[in-house]
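Right, one structure below, let's go through it.
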Amino acid sequence: MKLLEEIMKRAQENVQHIVLPEGTEERTLQAADVILEKKAANITLIGNPDEIHSLSAKFQLKNIDKATILNPENYSQYEEYTNLLFELRKAKGLTMEQAQKLAKDPLYIGTLMIKNGDADGEVAGARNTTGNVLRPALQIVKTKPGTSVVSGALLLFSDSPYGENGLVLMADLAVTPNPTAQELAEIAVNSGQTARTIGGFEPKIAMLSFSTKGSAKHELVDKVVEATRIAQEMAPDLQIDGELQADAALVPSVGESKAPGSEVAGHANVLVFPDLQAGNIGYKLVQRLGNAVAIGPILQGMGAPINDLSRGCCVNDIVQMIAITANQAIGVKQAK
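In this note's numbering, each residue carries its 1-based index in the sequence shown increased by 309.
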């Protein structure tokens, strides 16, 4: 897929520093080797150096010596990170003793590196649950200004004529079960930014519902209508419309019939689902029945690029996510 090649190329042209807290996880280590070979990121692996070198020899990896290896039990920034964590969390009741313990946890070290300006992004989750990955991220890096909710977007590639030449970005498919209208609006705006930063296309964002422009009356529809209004006010530079049924969002003839005059209807390339249940079911149906390829989820709304992997991921999934995280980091710096 051409987009994935473009994402990798952008990462190679503007190299970022990505930290991998699961440095002794086999797939993660192999993915790091690929990224280092492609010169697509500077890598810090967190883990026992002897175990990392042993695994590297086992898999005959040739590039791991180009990575920085941080031993969580003994590293030079330990005191600095402990104090940073304590200052950030003492108001929440964290003691110095607890901070000293957490500053040896690879997932906490990774986010502390980012907070301290020592890394640009993080990828984890091949070994840890989403909750374990997000907990230190939300405690230390937190959400970005103006955003109260974290969401997960997917890039879905298919042979269909819809979206951006068969590519559609969908959200939220991973994090927030039942967003409020305000949260749904934030998800829409963040999804538009992801489309620009990662997808490289101008977003046309459809706020999905079982109703199109008042065709049905229900409180669930009202939430989408309100979210659309808030999103349009938040980001007047983005093309956002709703409420739209999926066919009205994607199919030009249906969009023209059900929502005449809409710049988004019939041409949407970003689909924002009203809740996690609809989004998760929807993308998996398309993936399995339509033989679509799904890349992600890409976490949105964080104060810095931090992405969570599926524990069933393969090496290539991790390679792609490291490149995507690097692209997010590039976007953050360009926005500043």
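We treat Cβ as the ideally placed atom computed from N, Cα and C, and that holds for glycine.
| Query | Result |
| --- | --- |
| Within 8 Å of any Cβ in chain B, is that where the Cβ of Asp546 sits? | Absent here is chain B; the protein component of the structure consists of one chain. |
| Quick check on the DSSP output: the beta strand (DSSP E) that includes Gly430 runs from which residue to which? | 430-433 |
| Pairing CB atoms from the stretch 545-563 with CB atoms from the stretch 499-515, are three or more of them under 8 Å? | yes |
| For a test of the three-state rule: what should DSSP assign to Val343, helix, strand or coil? | helix |
| From what residue to what residue does the alpha helix (DSSP H) around Leu393 run? | 387-398 |
| CB-CB under 6 Å to Leu493, same chain, minus the five flanking residues each way: which ones, in chain order? | Ala536 |
| When you compare only the Cα positions, how much space is there between Ile449 and Asp414? | 13 Å |
| Measure how close the beta-carbons of Leu529 and Pro583 come, nearest whole angstrom, since I'm counting them as under 8 Å. | 6 Å |
| Assuming Ser460 is part of the beta strand (DSSP E), what are its boundary residues? | 460-466 |
| What's the call for Arg319, buried or exposed, on a 16-neighbour Cβ count within 10 Å? | buried |
| I want to know whether the stretch 399-407 touches the stretch 377-385 - three or more CB-CB distances under 8 Å. | no |
| Please name the residue, chosen from Leu463, Ile633, Pro470, that lies closest to Leu580 on a Cα-to-Cα basis. | Leu463 |
| According to DSSP, is His362 part of a helix, a strand, or is it coil? | helix |
| Whose CA, out of Ser365, Ile316, Ile352, Lys348, lies closest to the CA of Thr333? | Ser365 |
| Once the 5 residues before and after Tyr387 are set aside, which same chain residues still bring their CB inside 7 Å of it? | Ala412 |
| Closer than 8 Å is the cut-off here; do at least three beta carbon pairs connect the stretch 594-603 with the stretch 622-630? | no |
| Out of Leu443, Cys623, Ala574, which one is the CA nearest neighbour of Gln609? | Leu443 |
| Taking the alpha carbon of Asn474 as the reference point, which residue from Phe519, Leu416, Asp546, His576 has its own alpha carbon closest? | His576 |
| Strictly by DSSP, which residues pair up with Lys513? | Gln548 |
| Using 8 Å as the threshold, is the C-beta distance between Leu416 and Pro454 below it? | no |
| With a threshold of 16 other CB atoms inside 10 Å of the CB of Asp342, please say whether the residue is buried or exposed. | buried |
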